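Right, one structure below, let's go through it.
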Amino acid sequence: MEVLQNSDELFERPEFSAAADIGWPDCFNSGVFVYVPSIETYRRLLEFAISHGSFDGGDQGLLNEFFANWRDLPPIHRLPFIYNMTAGVFYTYAAAFRRYGKATKIVHFIGAEKPWHGSAATHQSEHYARWKQIHQTNVAAHNRHTSKSHHTSMNTSRRILGFVSLQCV
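This is the structure in structure tokens:
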């Protein structure tokens with residue numbers, strides 16, 4: 640997932656809200672959905688998972704069976720595609736992407752190709768490149784800094800321990 644714009648308004652959506660799955664619109668995509676977490680829902684979901692499983696072997700099949708009434712809920716429960724736009728959409732739906740793409744709030748990297756695997760299909764390269772740039776700027780830079788300060792403090796600790804050891808001999 641790549642959040643491009645503030646999406647706080649999702650917290651105002653009614654339970655259960657989700658975007659239709661691009662491949663089977665009678666199902667919702669489990670990448671982004673709105674519900675109110677509760678211990679009771681958790682218990683019921685666990686029991687359902689044990690007794691029914693998932694029709695597709697993943698979370699999406701399980702959640703679509705558990706929240707099966709989603710397709711019958713009023714339209715207010717359908718999240719616009721901008722909250723769960725698939726990364727390759729501008730290749731397959733170029734005209735719609737040109738028209739609505741700037742409003743996209745959340746990009747979903749569906750399927751086996753993920754940005755953190757290092758390769759991207761050319762039709763998804765814009766989103767992969769943005770993800771990689773955000774990762775390099777925020778995550779990798781933080782990890783390098785944390786790793787460097789951890790390494791420095793470990794060396795300092797070793798020097799102190801070495802000095803203390805010499806004093807004790």
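Counting the sequence shown from 1 gives a position; the numbering used here is that position plus 639. Glycine included, C-beta positions come from ideal geometry on N, C-alpha and C. This one's a predicted model, so the numbers in the text were calculated from it and none came from an experiment.
Exposure of G670, with buried meaning 16 or more beta-carbon neighbours within 10 Å:
Your numbering for residue 670 matches position 31 in the sequence shown. Label assigned to G670: buried.
Boundaries (first-last residue) of the beta strand (DSSP E) holding A691
Translated into the one-based positions of the sequence shown, residue 691 becomes position 52. In the sequence under discussion, the amino acid at residue 691 is His, which differs from the Ala named in the question. Unbroken run through H691 is the alpha helix (DSSP H), 678 to 691; no beta strand (DSSP E).
Please go through the same chain and pick out, in chain order, the residues whose beta-carbon is closer than 6 Å to the beta-carbon of A634, but skip the five residues on each side of it.
Absent from the structure is residue 634, since the part of the chain shown begins at 640 and ends at 808.
Between V675 and E654, which are expected to be in contact by the criterion C-beta below 8 Å, what is the C-beta distance as a whole number of angstroms?
Here residue 675 corresponds to residue number 36 of the sequence shown, with the count starting at 1. Here residue 654 corresponds to residue number 15 of the sequence shown, with the count starting at 1. Sure, about 5 Å apart at Cβ, within 8 Å.
Consult DSSP for A779 and reduce its assignment to one of helix, strand or coil.
The residue you call residue 779 lines up with position 140 of the sequence shown. Note: A779 maps to helix in three-state DSSP.
Measuring CB atoms only, is the stretch 733 to 743 touching the stretch 696 to 704, in the sense that at least three cross pairs come out at less than 8 Å?
no
Considering only C-alpha positions, which residue in the set Q644, N668, S690, S656 is nearest to I811?
Here the chain comprises residues numbered 640 to 808, so residue 811 is not present and cannot be evaluated.
Given that a residue counts as buried once 16 or more other Cβ atoms are within 10 Å of its Cβ, and exposed if not, what is Y681?
Here residue 681 corresponds to residue number 42 of the sequence shown, with the count starting at 1. Burial call: exposed.
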